[in-house]
Structures are given as C-alpha cells and as structure tokens.
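A short write-up of the structure that comes next.
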Amino acid sequence: MSPLPVSPPHDPYDPSRTSPAGRESEYRRLHHALDRCAAGAGSVIVLHGSVGSGRSDLLYAFTDTAAERGVQVLVGTGSPLEREFPLGLARQLLQGADLAPEEAATAEALLAEGAASGTVPAPSDRPAGRLTQRVLEGLFRLVRGLAERAPVLIAVDDRQDADPQSLEFLLYLVRRTRGTGVLTVLSSRETMTPAHPLFEVELARQPHHQHIRLDLLGTELVAEVLRTRLGAAAAERHAAEAHSLTGGNPLLVHSLVGDQERAGSPGTLVVGEGYRRGLMHCLHRIDPLALHYARGVAVLGTGATPELLAELLLLAPDALPRALYLLHAAGLFRDGGFRHPTAAGDLLAAMRPLELAALHQRAGRLLRAAGATAATVDGHARVAEGHLRSSLGPAPAAGAGDPGAVLPEFGGGGGAWEVPGATVADDIAAHDIAAEDVVQDEAAAEEAGATGGFGPVPAHALQLWSGPAPTGPAVECVPTLPGTVTDADTALRHELKRLRHHFWHGRIDEGTAALARFEAVPGQAVHTEPLRHWLAYWYPALLPNPARRTGPHDGATADRGDGMRLLAALLAGTVSPEDAVVHAELVLRAGRLGGVRTESLTAALTVLLYADRADRATHWCAPLAERAGARCGAHWNALLAALRAEAALRQGDLRSADEAGRAAFAHVRPEAWGVAVGLPLATMAAARTALGLHQDAAHFLELPTPAGLEHTPAGLHHRYALAGHRLALGRAEQALADYRACGDTMARWGVDHLPAIAPWRLGAARAQLALGRPGSAAALADQQLARLGPVGHPRIRGLALRIRAAAGGPAERTELLERAVGLLEEAGAESELAAALGELSEAHQHDGDPGRARRADRRVRRTPALAVVPVRPQAPAPVSLLPVSPLPVSALPVSALPASPLPVAGRPLPVATSVPAPEGTAGGLSEAEGRVAELAARGLSNRDIARKLYITVSTVEQHLTRVYRKLGVRRRVDLARMLGPVPSGAADGTPPRPAFPRRADLVAG
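So for the sequence shown, the numbering used here puts the first residue at 3; every next one is plus one.
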C-alpha cells in the first residue's frame, strides 16, 4: 500500500481552511483516523446528528481532502427509494472504485448474485434476504485488494436509509478491516427508533469503532458564520437573534444568512424565503412521527396538552416525548413550539387540503369535548370547511333540503357537521370523482369507525398519516357493505364495478363469466356498453370492439365528447388519427373546465400518444395533473403520472420521464396497479436503458406482474421495452424476436395501423442493423413509411427516415436526413432532432459542404436536447457497475443527460469502444477514466464533469491524472485530438466500454 504524502509545513488540510464552519474538532478527528488508516490501522466512524446538522457537508469535505491526499474514496448515499434494491448501496460504492477489468467483472457477478439472493425466497435454513458467504467474502477481497494499492476511504451518507444487504456487507467488512488500510465513515440521521438496531449494536461492539455526534452550533459559532459572510458589525448585531431563530441548526443558520445577503443591509434581521424553505426541508426530512407531532402543534398551538395531541394524532402517549425531543434536538422547536410565528402556517400549507380538513375536524371535536370555547371550536370548523370545499372544487347548487348543501359548524349536540357516508358519496359523484376512489370494504369501514363511523369516504382521506408511502390499489372494487346500497342504481354501479375489478387484476376467465351472467339478465346488456368500450382498450382481442359497429364518420361524431369511446374508435380504425387528435383535445379542453370524468381524460391522453402526438399530450399533462391532484384519488393521479412519463420519454425528456414515473409509483404501489403496471414499468425501464443504466432497467423489467398482462396494451409496452433493453445489451437476435412478437400481437389485435403504440418495425430495423443486415433494415423502414400514408405521424416518419438514411448509401443520406429533421422538429421530439441534426452535419461534411455542416452544428447547440446519438449500432458494452436506484436525474438539465437513445423510438444503445493506450503504457482506460476523458475532451471544466457524473472535483482530477499518464498527453487539447474514432476493441482484447458517441461514428461508410 502506498503511503500518504508527507504534509508540508503549511498544512493544506488545516481544519480552519477546509472544514465546514463550527466543525473543526470533528474534522480533525476524521483526519487523525485517516492518518492511522495510512499506517495500516483501519477503523469505523459513525457520524450522528439531527436533521440539518451538517453531516453531509462534513462528510463530503472530508472525502474531498482525502482524495487530494491520494486516498481511494468510495462514496455511497442511502435513500428511502433504494431500500428495496438489494446491494444498491454497495453498487454505488464499487462503481467509483479503480478496479481492473477482471476485478470489475468479478464485482458485477458478485453483486448480481447478491441482488438475486435478496429478492428471491431463501432456503429454510437461511433468513430471507441474507447474502451468501461467497458474495460477502468476494466483495471483501475486492476492497482489500484496493487497500493493498492505496488507503481506502468508504464514506456512506444517510446510512439509516440503506438496503439491508449493503449493511450486511458493511458489517462483514468492518469486522475484518482493523488491520488494513480501510477507513469506514457512516453518516446517519437521528430517528425515533433505529431502522436496523442489530446493525447498530454489532457496529458498536467493534474495538476500532468511534462515534462522533454533531451538536447544534452555539451562539459563538453562529456569530462566526455571520462574521465570515456578513462582516463583524452584522455578526455583533444579529448573532443572538439568529441563534434564537435557528437554535444553532447549521442548515437554518446558512439559510438565514442567505436571506441577509439577498436583502442587503436593512439593519434588522430578515426572515425570508431561504429560512422558511430550510425549515420546511428539515421538518419534512425528520422522523415521520416528529413531523406529525409538529403538525399537531401547528393545529392546536403550543398550549395543547400531551393527551390532546395524542388523541388528535392517533398516537400512543409514550411516543410524544421522543418526537418532541427530536424537534428540540434539531433546533426546530423551543419550549414546545415553533421558533418563528410563520412556521406553523407554512407547515400546514404543505398538506393536502383534504388531510388538513380532516385534522381540523378532529381537532374541533376534541376541543369541544374538552370544554373549549365556542369561538375556538367554530374556528376549526370554518377552516375545515374551507379546506374541504377547496379540495372538491366549486359545489353545484343544492336545494334547501339537501344535506350536502351546507356544512354546519360544530355545535348542537348532534354533531351535524360530520357528513354521513351517503352525503359524501353524493358530493363525490357531483364533483366527478370516480367511484373507484371511494373505499367500500370492511377495512375501510374500521378506519372510518376511528373517525366516527360515518361510512365511505374518499380513499386518500384515510391516508392522513401515511407520509410518502404509496396508497392502495389502483382500482378498489370489493363486495358492497351491508346497508350501503339504497337503490337499484347504486346496486347496478357496484355490480359493474365488481365486473371491472376482475379484468383489472387479470382474472380474465372470471371476468368473462361474470359479464356473461350479468348480460344474460333481460335488459342488463345496455348497461355494459361503457364497460365494453373500456375492455376494447385493455383487452383488444377479448370481445368485439363496439366502435367497429359504426362507420367511420358516425364513429368520429359519436365519440367526440367521450375519451374512452374515442380511444376505442381509434383502435378500431373508425376514426383517423388526425381526427382523433382534434376530438381528444376537445375532450381535454372540456376537462380543464370540469364536468369530464378522469377516465375520459386519461383515455384522451392515450389517444394523443397513439396518434403520435406526444408533444400535444405533454402540453395537456400539466393542467390535468393539477386538476387531478386537487380533486381525484391516488390511482387517477398515478395513471396521469404514468402517461406524463410516457409522453416525456417519447420526446426524449428523460429527466421528466423519470420524475413522472417515480411519481406514479409514489401514488400507487407496483403490486396494486393491476395489469396497468406494465405501462410505468416499461417507461421506467426504457428511460434507464436510454441512459445506459442496464441494471436499473432489468430491475423494472423483472418485477412481478399480474397474470393476463400479455393480453393488454400495457403488456405490449412492457415487451417493447424488453426488446429495447436486450438490443442495448447486444442481444440483437433476442431483440428482433421480441420486436416481431410485438408486431404479431398488434396484427392479431387489429391495431397495426397505429405504429405509435409500439413501432416494432423500427425496432426490428435497428436490430437488423446491429446484425449487419442493412438491406433488411431498409426494407422494414420502407415498409413502415408506406403504411403511414401521405400525412400524419411526424415522429414515426422522421425516425423511419433516420433509419433509412443509416441503412442506405451516402448518395441519398443527406436528403433523407433533411426530411427527417423537418418532421422531428414538427413533432417536438427534441432528442431525436438533436441526433438527426448531428447526423446531417456529418452528411454535409461527407458531401464536401462544411458551411452547411456548421449550420447544422449550430442548430444542434440551440436544441434543448443536446445529446447526439448514432443510429448505426456498434458493439455493446457489458453491464457495468451501475446503481440499481431511482435516478438522480431530477437535478439535471436535459442538456446534462448522457447521450443515449430512446428504446421507445427504436434506437439502439450507442456505445463506443475503449480508448487504446499508446505504446509504452500499462493498458487502456478504465470505464470511469473513459467517461471523464470524453467529457474533458469536449471542453467541460472539472467542476462541470463532477456535476454530470455525481463525483467530487478531486476524483475528476485523479482520473485525469491517470488518463494523461496512460495516454501520454499533457493538455486537454491533446486529449481532444487523441479521442477520435477508435477500433472495435482494445488491443488487449478487453471488452468495449460505454462512451459518448463521436461525430465520426454518426455516419457509416
């Protein structure tokens, strides 16, 4: 193991120069541990503190300086969204390691084996999810091998949110690293109870374990922060008040200082947006029970007794002291209440109106029972009424005898303000909230009993204390409770709902039999026509499409105002895609004004997607999501989010696609989606494939799905995403078979006239290109163009022309690409447009027209999606160490996304070959070095590269140092010249690595 460099007389690692303000002592302890690590004495340190205490700042400041000292730094961050991904944190740690190719392959195999053991049932003699000795020992040997070359720092942030398998690996590691050059630093946030108590106990038993607690800053340290950023006069004037407002919480202190910097020098301490946002950030990251306690205080005030708070929050009384301690320990509370008068209002404003209405309603009942004044009780009643009405929108006029006409205030011993179940259901129906949003089963009745036993209420009203956890099934359809059916219409509605429930969960035989029995009753068949239109979409081959019974013109007219009927007509071919787009937008326009069922709106959005107008679907998604968020249940919000994700994916906006896809699963758990789960799973897998995150894509594609999925359009999308994933991995024959299977399915369903559902011919053409069959690829592209007709489908037409250009000869390439650019620009497909412009620039260069090539280049730079991707596939890369986790892509602008294709558009994964090392060097670049080298050659600064790759600046510098040494260059200019077109593999036979495409790769031959 190489020793660390000897520090010069002027120590660049002086804590006063490099540590976060007020953390010099803790920073010094960390560096002492690093010195011992360099001498061969490993240790494990736990950084512990409340939310906002600066744990992450301290940890990353330490990792930066450690990297500058030549230490190998392995960094990972826990996340609640990654807990279900076995070894997700371990994968993050190893992806930044400087592993040799054979070591990387071993690591990938071990991680894959460990991940499989965490997701499948374990043998009876081993606890579920536990890793095998082979996996644990193999990963440990890899880390020990790194430590033999240089000291290793393993830094884990938010350890409390890590997956159990990664914690098991870390515990195995720290037991064996006392005598090695491995320093492990684990940062964790204080919670009500430890998420993994056995891990905590076992860690504390290690003789080389240290615990560092980050306390709140005292008045002197707060004054020092103010003095550094605002000057001595401001520090002297405001230090005491700033400490009083923040409690010494570092995040709040810096947020408050930021408010002063933006305000100038007003003479008084300004509490602005920065402080308020910082406070909300802390409250929503603290333990959920502490957040609920804070909401209770915000509703009742600081004078509420613990017993009253416990009743309001439905918490055990013994849980309150711990919650109160966490709020005080984080500096968010003082003397049992908020430190600033606006905090309570800000916290309640972040709640959903229906949740807040229920909270105030319960507070009013409790206060009335406790003998509070009538004014206090009436105040809560008015607030609850206002929030309830805002959540449902403007109510229709009601007669004097309508119990839903008014919401009486608390008073009169009858409790008339508590609306009976029938009235709530009527109010929901009047405001176009779908019947599926009303919980009708026995479990819901028990929950309703906790609030007075007043029958069915909107499902999301029962999720008051669920935090970010997903809500219930996408379609909740259960037997009717005794006494809830009051007339024939209600009974009919419940029966139809039960029928739909069978099909939603893939129980096709049961649903078909139940439908036949229902329609056998005289006069009942007329009531199933809406259900049959619904089935025409979800199960195209199950029953005859009702839309096919009308002619083209009649169908277009009849379906003008009903999105589901319009979708059925589009699938049946009785309305043209162009007319369907017009009618769908009429439905969506009416939906913005109210009076249109959410099911009709989601169907209209699907019409736009299947008519190849993802740009118009994106346009309508935002206002509809706003409407649904305020008025609809979880499953409708989830469906809208899934459609928004698919529309963004088809336009190449991977950031928005990922955000919307995660939102879809935040609303509804995957296992509760029914057969519709195939759509968001396919979108998420396609987005991850487009970014080269193949392990992530495989995770989504391997999640269990309901029986019957293959008979639905969601199953078709899922199969199409699987084909794109396999093509990206180089399994072109398998991908071609999958694309052809998609084509067979569409032909069997009679929807092959709508290629935008799943453009299988384009996918098959790309697979043929990957197999070296340009003639077959060109034939498929020509076939698709011929089937499109003279107008419409600009995106599909543009994609087909791009493939045709790639498969054809140089003579026709320029003309085909110019036509493709115009069509893709019309469709708003920015990512595909950027790719086509890059190819057009190369075509002009090939034709000897550098002026037009430069103009195409300038258009590429002005295009929002700057990723330039090739059409002609190259050798695929092996699956590398990629995090199986939700993407951190939400923080990236579109231009910062890696250049990669969209499988939904049929493009293959762009891969380039490894950069060969010049003579005299040890070998080619590693995958991490190659990524940094590519970005540096493009002219990006070290800071920009770090931001794009989610690594530290010092890590970038280390990689560049090794790149320069291996390639024998001294400047970035030389690096840019060297990273030109390369052969298909490295000289030593190592497999090619993923890289950003180069312009020379864009045109074949």
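Glycine is no exception: its CB is placed at the ideal position from the N, C-alpha and C atoms.
Could you tell me the alpha carbon to alpha carbon distance between residue i and residue j, rounded to whole angstroms?
i	j	result
S27	R57	13 Å
V823	L835	6 Å
A359	A627	22 Å
R940	A692	21 Å
A948	V934	9 Å
W751	L787	21 Å
P903	A837	Low per-residue confidence applies at P903: pLDDT is 35, beneath 50, and the placement is therefore not dependable, though the value from the model is reported in the following sentence. The alpha-carbon atoms of P903 and A837 are separated by roughly 9 Å.
A739	S778	14 Å
L218	D163	23 Å
H961	L361	54 Å
V273	H389	27 Å
S928	E704	29 Å
P196	A351	30 Å
G811	A845	11 Å
H286	P252	16 Å
P398	R599	Interpretation of P398 is limited by its pLDDT of 38, a score under 50 that renders its predicted location unreliable; no figure is taken from the coordinates.
L724	Y29	48 Å
H848	D165	52 Å
P209	L369	54 Å
E841	K499	52 Å
K950	A538	45 Å
E84	A543	38 Å
G765	D746	14 Å
Give every residue of the same chain whose Cβ lies closer than 6 Å to the Cβ of residue i, excluding the five residues on either side of it in the sequence, and list them in chain order.
i	result
A346	A300, F340
V955	N944, R945, A948
D159	S58, L61, T79, S189
A1	No statement about residue 1 is possible, as the shown extent of the chain runs from 3 to 1007 and does not include it.
G593	L603
S843	A855, A858, D859
S257	G276, Y277, G280
R821	L803
Could you round the C-beta distance between residue i and residue j to whole angstroms and report it? I think they count as a contact, below 8 Å.
i	j	result
R215	G366	Going by Cβ atoms, the distance from R215 to G366 rounds to 42 Å, so no, they are not a contact pair.
L281	L254	6 Å
T248	L155	Actually they are not in contact, since the Cβ atoms of T248 and L155 sit about 31 Å apart, beyond 8 Å.
I798	P757	5 Å
R861	L839	5 Å
G794	D614	7 Å
E931	V965	5 Å
L185	L205	The Cβ separation is near 14 Å, so there is no contact.
L729	A737	4 Å
L232	V259	6 Å
A636	H669	5 Å
Once you ignore the five residues that flank residue i on each side, which residues in its own chain have a CB closer than 7 Å to its CB?
i	result
P682	A644, A647, G663, A666, F667
H755	G575
A296	L285, L329, L349
A659	A647, A650, L651, T685, A689
Examine chain B for any beta-carbon lying closer than 8 Å to the beta-carbon of residue i, and answer yes or no.
i	result
P343	No chain B appears in this structure, which consists of one protein chain only.
For residue i, collect the residues of the same chain with a Cβ closer than 8 Å to its Cβ; drop the 5 residues on either side in sequence, then sort them by chain order.
i	result
L223	A23, G24, G250
| query | Residue ranges of each alpha helix (DSSP H) run of no fewer than 4 residues wholly in the stretch 341–405, ordered along the chain? | reply | 345–351, 355–371, 376–394
| query | Should the stretch 93–106 be regarded as contacting the stretch 68–82, the criterion being three or more beta carbon pairs within less than 8 Å? | reply | yes
| field | Uninterrupted alpha helix (DSSP H) stretches inside the stretch 495–555 (no shorter than 4 residues) | value | 510–522, 531–540
| message | With a threshold of 8 Å, are at least 3 pairs of Cβ atoms found where one atom belongs to the stretch 596–613 and the other to the stretch 779–792? | response | no
| task | Give, in chain order, every unbroken run of the alpha helix (DSSP H) that is at least 4 residues long and sits entirely within the stretch 50–98. | result | 57–70, 90–97
| Are the stretch 316–330 and the stretch 223–241 touching, with three or more C-beta to C-beta distances below 8 Å? | no
| said: Quick check on the DSSP output: what are the complete beta strand (DSSP E) runs of length 3 or more inside the stretch 230–265, in order along the chain? | reply: none
| field | alpha helix (DSSP H) runs wholly inside the stretch 950–977, at least 4 long, in chain order | value | 955–969
| said: Between the stretch 142–149 and the stretch 177–184, can you find at least three pairs of beta-carbon atoms closer than 8 Å? | reply: yes
| said: Going residue by residue through the stretch 755–796, where are the continuous alpha helix (DSSP H) segments of at least 4 residues, counting only ones entirely within it? | reply: 762–772, 776–790
| For the stretch 167–222, which segments carrying the alpha helix (DSSP H) assignment without a break, of at least 4 residues, lie completely within its bounds, in sequence order? | 199–206
| Between the stretch 650–664 and the stretch 816–831, are three or more C-beta pairs nearer than 8 Å? | yes
| Those runs of the alpha helix (DSSP H) which lie wholly inside the stretch 619–690 and span at least 4 residues | 636–652, 656–669
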